[in-house]
Amino acid sequence: MFRIECPWCGTRDMVEFTYVGDGTLTRPALGARTGHFEHVYLRANPKGTHVELWHHVAGCRQHVAVKRDTLTHEILATGGPGEVTAARDDVPKGAAKGETGGMA
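Quick note: the sequence shown, position 71, residue 71 per UniProt numbering, numbers continuous.
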């Protein structure tokens, strides 16, 4: 188990949160004819630093962006949605070649 720093409530146990998904995805435009299949089904599962969205269901009910290392579960940063981004130097080695890992 790990603890997540909620920007509104402070540090809480992860059991108070529900994982929402990848915090770096952007949805295709509402009327777009392409891109929806890729958005829903074709996801990367990168090793290393990744930005995720979590919902604080047992607290303020806000969404929290969490930058987390998927190998060590170390939380590197938290903030509101859109406030936490993955810097270019955070991209794990091998990710550019399509290397992905299983669930950490």
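C-beta: ideal position from N, C-alpha, C; glycine also.
Quick check: H56 and F2, are their CB atoms within less than 8 Å of each other? no
Residue span of the beta strand (DSSP E) that contains E74, given as start and end: No beta strand (DSSP E) holds E74; DSSP gives it neither H nor E.
Does the distance from the CB of V66 to the CB of E52 come in under 8 Å? yes
So is residue 177 buried or exposed if we call it buried at 16+ other beta carbons inside 10 Å? Here the chain has residues from 1 to 104 only, and residue 177 is not among them.
Alpha-carbon spacing of C60 relative to P7, whole angstroms: 10 Å
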